[in-house]
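Number of protein chains: 2
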Amino acid sequence: MKYNIKEIALLAGVSKSTASRVISGKGYASPEVRQRVNEIVEQLQYRPNAVARAMVAKRTNSIGVIIFREKQPIVSHPLYGKLIDSILMAAQQRGYSVFLKTDQEMSIQSTDYMLEQRVDGLILISRLQKNVIEHVKKFNVPYLMVNGSTDDPEVVHLVSKDEIGGARAAAYLHSLGHRKFFILAGPQEHRSHNLRLQGFREELRRLNVEESHIHVVPAMESDFDQGYTLMAKHLSTFIGEAYSVLFTTNDMLALGAMKVMLQNAIRIPEQAAVMGFDDIDFAAAYSPSLTTVKVDTTRMGRDAVVLLDRLISRNQDMSKLYEYASEIIIRQST
Amino acid sequence: MKYNIKEIALLAGVSKSTASRVISGKGYASPEVRQRVNEIVEQLQYRPNAVARAMVAKRTNSIGVIIFREKQPIVSHPLYGKLIDSILMAAQQRGYSVFLKTDQEMSIQSTDYMLEQRVDGLILISRLQKNVIEHVKKFNVPYLMVNGSTDDPEVVHLVSKDEIGGARAAAYLHSLGHRKFFILAGPQEHRSHNLRLQGFREELRRLNVEESHIHVVPAMESDFDQGYTLMAKHLSTFIGEAYSVLFTTNDMLALGAMKVMLQNAIRIPEQAAVMGFDDIDFAAAYSPSLTTVKVDTTRMGRDAVVLLDRLISRNQDMSKLYEYASEIIIRQST
DNA sequence: CTGAAAGCGCTTACAG
DNA sequence: CTGAAAGCGCTTACAG
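Protein sequences appear in the order of chains A and B. Our numbering applies: residue 1209 is where the first sequence begins, and numbers increase by one. Our numbering applies: residue 1209 is where the second sequence begins, and numbers increase by one.
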């Protein structure tokens, strides 16, 4: 039930070359021949072998997407899920297939695998080891980074303006009258957690908020459980020292912390306000819904594909850094 | 910077055949030759071309995964995200790359695309049109269905025991003393929503719950917003007629409905209990956390790969239907 | 407009 | 243990 072009050609009474021309749609063929071949193709449900095509074209029309992340969930993480959805959609429109891989070891191995598959380009997501970039470079395959961090000015990367987002969050909360800030700060080796915290703190400084009125609790992870655990641990401090607001460097931490607060009958936002960062779907779904800083993941995903496509086909010069504005989304928690 | 085996062979001073043998690891080669080739490979960072390999092996070592779903979110849907995570992991362990595609039109096209890529096997997820199956069959490529519905006894498919799960949910709620049941039932053309509702109702019948004490509201969608909208619309009925419990055919609907209840200061579970189905991550994260029926998506994903692998390599006879027990997870909402 | 030939980068019998 | 040859399924100049 699987035919090749030779058989199609034979049945249509033409040469492989001619069959190829009509099937691939490039090159001349008389209308009669064209029709004859197409009939056979239809009848036999012939599907050209993309592997063979890739072989001669030296192009697979596929891109590799790797998410580097230590912890499960990976794809099922709300943020990355959104990104993948958007990448898939954009890739489809441009005729790319996508190989998806997650890499918990943040190793070179998954990248190597993609390289062997001869993907036309690579989208590297999240924090990856420096040596991964070094490695990819050696093979000069087009690639770009989304939401990662690098000090290498040559790397095309898409990031959100986390520092500004953090600053805006601080300004917004300050404008609401808050003067004592409790902060849950995710892993500082992550670019975004780091910049969000920095931006937030700097803005508070600018606003002359006393250092002693800012309490930062470092989080080793950045998930719901961590938010929950940490808030449970520090709740007495939070209440005892009368902090009026909690800011976290992502939504998951905020949601986890909020759950503790709700369980302890703290009224949000009356007794304490909460603000996160990312705007994952569940920020809106939670009750009370979470005020946050929105990162436009959908757009970043789409742009990643568009840019990679440009890198692949025209290889023209383009800027290396793409920054996405973040927007404050005000909801019930503040 | 991209070499082929011919160049490696040349530099190592051996024939392509020999180089191939050491690189692929099959076939004889003297230790000295082996080392010489490996050195060159290492030095040049040679990576064999998987496309060419696939060509001769007539095997790509890749599988295609397609999620059929009308609405966004697709990958970012908590349930499917989990499934993908698990599939990715299992595929990696078995040396498969995975092509991922989402298909909003539930069409044949995405499948065709995978077929052209000559994937070794196909995992079809969620509800798909009947003609997709017909189509795939023609190409006799190994495939299986996860969480879909089919009356075709030949199709290997993995499903959860939704009917039993529904029945158990009913029995559990009844045992808590509930006698008036309000139900939000997702699209009945979906196998799982349908069976969950059926199982639930049948159990109530068995328990002699009066028909008039069961109120079923049909939902056109199965997402958070739909749960919210529907509950908002029917809240007066719910309260007015003193239903003591809400059961929904999935967690998203439950969470949406719960939000309405919380906003109307209904105390959960004191005034009204809520129970969902799926056990997505946010069921546990919500406040109050949601009692639900757990579907072991992680296991289904893993098994899907294992079974597909068997289908691909040994093609041995195997059962067609794999059912997964569902387990009640009791949390704060009941 | 059409066909024979070469080639994409590998692997795999087959001889030696 | 090693190498020459054929072949996987296509496409692409090149002649005609």
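Note that beta-carbon positions come from the ideal geometry of N, C-alpha and C, so glycine has one too.
Determine the extent of the beta strand (DSSP E) in which residue i is found, giving its start and end residues.
i, result
"K1266/A", "Looking at the DSSP string, K1266/A is not in any beta strand (DSSP E), and its letter there is neither H nor E."
"H1365/B", "H1365 to S1368"
"L1332/B", "G1329 to I1333"
"I1520/B", "From DSSP, I1520/B is part of no beta strand (DSSP E) but of the alpha helix (DSSP H) over T1505 to S1521."
"H1285/B", "No beta strand (DSSP E) contains H1285/B, which DSSP labels as neither H nor E."
"E1531/B", "L1529 to Y1532"
"P1426/A", "I1422 to P1426"
"A1480/B", "Run containing A1480/B: none; DSSP gives neither H nor E here."
"E1535/B", "E1535 to I1537"
"L1454/B", "V1453 to T1456"
"Y1351/A", "Y1351 to V1354"
"K1502/B", "T1500 to K1502"
What are the boundary residues of the alpha helix (DSSP H) that residue i is part of?
i, result
"V1340/A", "K1338 to K1346"
"H1442/A", "F1432 to G1448"
"S1228/A", "K1224 to S1232"
"L1412/B", "R1399 to R1414"
"K1279/B", "K1279/B -> no alpha helix (DSSP H), and no H or E assigned at all."
"D1525/B", "Element bounds for D1525/B: n/a, residue is neither H nor E."
"L1219/B", "I1213 to A1220"
"K1467/B", "D1459 to Q1471"
Would residue i pass as an interface residue toward chain A - the criterion being a Cβ-Cβ separation below 8 Å?
i, result
"Q1479/B", "no"
"A1298/B", "no"
"P1350/B", "no"
"G1448/B", "no"
"V1230/B", "no"
"S1420/B", "no"
"S1521/B", "no"
My understanding is that residue i touches residue j, with C-beta atoms under 8 Å, so please give their C-beta distance in whole angstroms.
i, j, result
"D1176/A", "G1484/A", "Since the first and last residues shown for chain A are 1209 and 1542, residue 1176/A lies out of range."
"A1205/A", "S1541/A", "Beyond the ends of chain A as shown, which are 1209 and 1542, falls residue 1205/A; an answer cannot be given."
"V1417/A", "A1393/A", "The pair is not a contact, with the Cβ atoms about 16 Å apart (cut-off 8 Å)."
"F1432/A", "L1381/A", "Going by Cβ atoms, the distance from F1432/A to L1381/A rounds to 22 Å, so no, they are not a contact pair."
"H1343/B", "L1352/B", "Between L1352/B and H1343/B the Cβ distance is about 15 Å, and since that is not below 8 Å, they are no contact."
"D1487/A", "T1500/A", "5 Å"
"R1399/B", "V1354/B", "Incorrect: roughly 11 Å between the Cβ atoms, too far for contact."
"I1231/A", "K1224/A", "Going by Cβ atoms, the distance from I1231/A to K1224/A rounds to 10 Å, so no, they are not a contact pair."
"N1269/B", "Y1304/B", "6 Å"
What residues of chain A sit near residue i, judged by a beta carbon separation below 8 Å?
i, result
"L1323/B", "R1255"
"S1368/B", "Per Cβ cutoff of 8 Å: no residues; S1368/B is ~17 Å from chain A at best."
Residues of chain A with a CB under 7 Å from the CB of residue i: which are they?
i, result
"S1527/B", "Neighbours of S1527/B on chain A: none; closest Cβ ~24 Å, over 7 Å."
"K1467/B", "A1493 and S1495"
What residues from chain B crowd round residue i, counting only those whose CB sits closer than 8 Å?
i, result
"R1326/A", "N1257, A1258 and V1259"
"F1432/A", "D1489 and A1493"
Going by beta-carbon coordinates alone, are residue i and residue j separated by less than 8 Å?
i, j, result
"R1404/A", "G1374/A", "yes"
"F1347/A", "L1323/A", "yes"
"I1333/A", "I1274/A", "yes"
"R1326/B", "D1517/B", "no"
"K1528/B", "E1362/B", "yes"
"I1216/A", "V1245/A", "yes"
"D1293/A", "Q1280/B", "yes"
"R1510/A", "Y1532/A", "no"
"R1202/B", "H1442/B", "In the structure as shown, chain B begins at 1209 and stops at 1542. Residue 1202/B is therefore absent and cannot be evaluated."
"I1391/B", "H1423/B", "yes"
"V1306/B", "G1329/B", "no"
"K1290/B", "A1493/A", "no"
"V1514/A", "A1378/A", "no"
"P1395/B", "A1427/B", "yes"
Please list the partners that residue i has in chain A, where partner means a Cβ-to-Cβ separation under 9 Å.
i, result
"M1483/B", "Correct list: empty, because the minimum Cβ distance to chain A is about 17 Å."
"L1470/B", "S1495 and P1496"
"V1289/B", "The sequence shown places Gly at residue 1289/B, rather than the Val named in the question. Per Cβ cutoff of 9 Å: P1281, I1282, V1283, S1284, H1285, P1286, Y1288, G1289 and I1292."
Should residue i be flagged as near chain B, meaning a C-beta pair shorter than 8 Å?
i, result
"K1346/A", "yes"
"A1493/A", "yes"
"D1517/A", "no"
"Q1280/A", "yes"
"I1292/A", "yes"
"L1308/A", "yes"
"T1319/A", "no"
"L1330/A", "no"
"T1268/A", "yes"
"K1224/A", "no"
I want to verify the contact list: residues of chain B whose CB lies under 7 Å from the CB of residue i, in sequence order.
i, result
"M1263/A", "V1259, A1260 and M1263"
Name the chain B residues that come within less than 9 Å of residue i, Cβ to Cβ?
i, result
"K1338/A", "Within 9 Å Cβ-Cβ: nothing; K1338/A doesn't reach chain B, min ~17 Å."
Please indicate yes or no: does the CB of residue i lie closer than 7 Å to some heavy atom of the ligand SAH?
i, result
"A1450/A", "This structure lacks the ligand SAH, and indeed carries no ligand of any kind."
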